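In the working numbering, the protein residues as written are 21 to 187.
Quick reminder that beta carbons are idealized off the backbone N, C-alpha and C, glycines included.
Please read all numbers here as calculations on a predicted model, not as lab measurements.
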């Protein structure tokens with residue numbers, strides 16, 4: 021498995037779709053882009069901004085349930101790409117010591133990992149097949165955008181979306 025960190029959350033200008041950029045932690049400079057939905061991108065941006073909400077968000081709830089049941093979220097793993105859809109798993113160490121793997125969307129897995137402050141991984145095969153070689157300074161431009169920018173871009177997206185866009 022390849023340990024990664026979330027380097028940026030951006031909006032692809034051609035498709036107006038949010039994309040997560042997960043970069044390899046070992047310095048090999050491979051990056052896996054994962055396109056996600058605007059609501060998921062907003063939830064992740066809120067985590068990155070450390071925004072407090074009056075009530076728990078879904079990902080907060082998941083982390084709380086895992087912990088309150090005496091379990092530990094060990095890590096999340098982006099496991100594969102099938103038919104242009106990424107798959108992920110939450111690896112949970114149960115109170116009895118067993119390791120349980122729960123299927124998840126990558127956007128949810130990453131949001132939960134950020135909330136729980138646990139490690140994120142990508143399967144070796146997936147990173148070998150889909151990882152892009154990008155130098156670290158490729159993120160300098162992406163770093164200029166803030167989570168506030170992402171929320172603003174999402175609001176702009178909502179203002180311009182039409183029902184026909186979903187057909």
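So the candidates are the options; which of them puts its Cα closest to the Cα of residue i?
i, options, result
"residue 137", "101, 119 and 92", "92"
"residue 45", "24, 79, 129 and 30", "24"
"residue 40", "116, 48, 125 and 75", "125"
"residue 32", "119, 26 and 56", "56"
"residue 26", "88, 117 and 135", "135"
"residue 105", "119, 153, 127 and 67", "127"
"residue 116", "90, 107 and 68", "90"
Can you tell me whether residue i is buried or exposed? The criterion is at least 16 other CB atoms within 10 Å of its CB, across all chains shown.
i, result
"residue 110", "buried"
"residue 62", "buried"
"residue 164", "Its pLDDT being 46, under 50, residue 164 is placed unreliably by the model, and the measurement read from it follows with that caveat. Residue 164 is exposed by the Cβ-count criterion."
"residue 82", "buried"
"residue 66", "buried"
Using 7 Å as the threshold, is the C-beta distance between residue i and residue j below it?
i, j, result
"residue 79", "residue 131", "yes"
"residue 53", "residue 38", "no"
"residue 51", "residue 43", "yes"
"residue 143", "residue 114", "no"
"residue 96", "residue 147", "no"
"residue 64", "residue 22", "no"
"residue 150", "residue 101", "yes"
Starting from residue i and walking both ways along the beta strand (DSSP E), at which residues does that stretch end?
i, result
"residue 113", "105-113"
"residue 50", "50-55"
Just to confirm the assignment, what range does the alpha helix (DSSP H) spanning residue i have?
i, result
"residue 61", "58-68"
"residue 127", "126-136"
"residue 78", "78-88"
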